[in-house]
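Worksheet for the structure shown next.
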Amino acid sequence: MAIQIGGLATGLDTNELITQLLKIERKPIERLQREQSYLKSRLDAFTKFDSKLKGLLEKAEGLASFDKIAANKAVAASEDYFSVSASSSAEQGDYNINVVSLARREKEVSQGFADISAGEFGTGTLSLTVGGESVDITLDETNNSLGGIRDAINAAGAGVSASIINDGDPDNPYRLVLTADDAGTAVEATASLTGGTYASPLFTQTQEGSQAHIKVDGIDIYRNSNSITEAIPGVTIDLLKPHADAAETTGVQVDLDVDAVEKKVKDFVTSYNEVVSFISDQSDSSWGRDSGLHMPLRRLQSMIGSALGGDNSIQALTQLGVSTQKDGTLKVDGAVLKGAISDDLDGVVGLFAGSAATEGLSAKLVDYLKSVTDRSDGILASRKTATDSGLRRLDSQIERQEARLEQREETLRAQFTAMEQLVSSMNATSSYLSQLPNLTHLAGGQ
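Okay, so the sequence shown: first residue is 1205 according to the working numbering, each after it adds one.
Quick look at the structure:
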């Protein structure tokens, strides 16, 4: 930008004069920018409000059915032999478990070879039989090395994986290892090859495959995995090691997880309180009275405070120790809530999840919250559409005003420059005229 130096003829600070004049003429732009800032802040507030509502929606959905509300815990007397976990559908009770043996996958290992890439195996067919199913792999000059066979087996999808180990032998350290994909599955490899330097049989079994074997209350149970499900309904048993004594057992207790259910209800209340507090925090803003904030709050308050209806043993949140405070937020009496969960889980589930005849609190909340947070016609969607339109209009107006102001500055500078030139010319004329008497005197002296 060129440096502007004004006032040389007039003595006026023309740059400052122009700045002050432009500052006055910028007022309409500043008004538009304030409106722009308001719209952006309002949209930001509704974006945050939408996020709070979606948080409440998520918590309400987490209480919408028995499986989502109910929680069980499984505790083993010792975790030396297995660990346990329970789902909401777990069969509660006490069990005694003996781990007889762990599931193992069969392993077959080849003789040692000096080189991974050399064609040691000749050409022909390698047959793999895994769990009674056979797959033939063709070997030729392109894949009859140790590495080539490994890759061909892994690509065959035969139910067995191949890898190469180095056992440290100074002459022939590389061995091909076949491992069954499933425990307890038999693996057999036979070769019909011409040429090559391999010794027959090609593979030797180093680990026999076997199923996991446990006893639950004396009943034998076998599985092809060390993670056993449904031996006890709804309980997963992850085996670690066998018991040393066949008569030894480890006790497992499966019971209602009161703390987990309590946490779900408290998390729901916390999310509801975040919605209420957010609306309260907007009270000092210009959009604090917007119906888009207060209409959802009134609907939520109505649903939260209404009785369920029907014949459910628990009809309202107050029976769970949930009460409304002066600021509209909810408070939970933990002792009352735990007592209700322990004594009447079905009643708690019924309040939130409802029944075939009665719509539960969660279902009502979920339906409503989905509508107000819908991306197409929810609260944020409608406010965002209007705000985006307003911001585009303001951007266009500000752009036009800025362009006009730039032209106005150029005009002012041109006018002040012309004035300076005129004053400078007049000063020069005045100076000339003031010298005329002296010139006349000089002329007379001649």
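Where a beta carbon is used, it is the ideal one built from N, C-alpha and C, also for glycine.
Across the set H1498, V1313, L1549 and P1377, the C-alpha of H1498 shows the shortest separation from the C-alpha of G1532.
When DSSP reads this structure, R1238 sits in no beta bridge, so it has no partner.
Taking C-beta separations shorter than 6 Å and ignoring five residues to either side along the sequence, the partners of G1455 in its chain run A1281 and N1300, following chain order. Take F1270, set aside five residues on each side of it, and the residues of its chain with a beta-carbon closer than 8 Å to its own are S1292, V1553 and A1557, in chain order. In this structure, A1585 lies near D1578, with their beta-carbon atoms less than 8 Å apart.
Nearest neighbour of I1353 by Cα position, chosen from G1509, D1548, K1568 and D1319, turns out to be D1319. G1496: member of the alpha helix (DSSP H) spanning S1495 to G1509, first to last residue. Beyond the five residues adjoining it in sequence on each side, S1314 comes within less than 7 Å, by CB distance, of R1379, L1380, L1406 and F1407 in the same chain, given in chain order. Inclusion of R1597 and E1229 in the CB contact set at 8 Å is not warranted, their separation being larger than that value. In this structure, the beta-carbon distance from A1356 to N1347 falls below 8 Å.
Contact annotation: L1565 and L1512 have beta-carbon atoms nearer than 8 Å. In terms of CA proximity to K1530, S1484 leads the group S1484, S1559, D1550 and D1548.
Along the length of the segment 1288-1370, whole beta strand (DSSP E) runs at least 3 residues long occupy 1297-1305, 1311-1314, 1327-1334, 1337-1343 and 1364-1370, reported in chain order. DSSP lists S1527 as the beta-bridge partner residues of K1535. Apart from the 5 residues on each side of it in sequence, F1250 sits with its Cβ closer than 6 Å to the Cβ of L1584 and R1587 in its chain, given in chain order. Membership of Y1572 in the alpha helix (DSSP H) is indicated by the continuous run L1565 to V1576. For the pair S1546 and S1241, the Cα-to-Cα distance works out to about 53 Å. Cβ-Cβ separation between A1294 and G1438: approximately 3 Å, consistent with a contact (criterion under 8 Å).
Around the beta carbon of N1358, fewer than 16 other beta carbons lie within 10 angstroms, which makes this residue exposed. For the pair T1621 and L1595, the Cα-to-Cα distance works out to about 38 Å. Here G1323 is buried, its C-beta having at least 16 other C-beta atoms within 10 Å. Contact between the segment 1300-1309 and the segment 1427-1437 is established, with three or more Cβ pairs separated by less than 8 Å. When the five nearest sequence neighbours on each side are left out, the beta carbons in the same chain lying within less than 7 Å of the beta carbon of G1326 are those of N1348, L1397, T1398, G1399 and G1400, in order along the chain. Between V1536 and the set S1527, A1544 and L1260, the nearest pair of CA atoms involves S1527. Bounds of the beta strand (DSSP E) holding E1392 are V1391 to T1398. Taking C-beta atoms under 8 Å as the contact rule, N1276 and D1461 qualify, at a distance of about 6 Å. Taking C-beta separations shorter than 6 Å and ignoring five residues to either side along the sequence, the partners of V1473 in its chain run L1534 and V1536, following chain order. For a cut-off of 8 Å, the C-beta gap from L1236 to Q1601 is around 5 Å, short enough to register as a contact.
For A1278, the enclosing beta strand (DSSP E) starts and ends at N1276 to A1280. Sequence-distant Cβ neighbours of K1419 in its own chain, meaning closer than 6 Å and more than five residues away, are N1302.
Under the three-state reduction of DSSP output, Y1402 falls in the coil class, being neither helix nor strand. A1403 is not a Cβ neighbour of L1443, given a cutoff of 8 Å. Checking the DSSP bridge columns, you'll see G1455 partnered with N1300. If you ignore the 5 residues before and after D1421, its C-beta comes within less than 7 Å of the C-beta of Y1299 and N1300, all in its own chain and listed in chain order.
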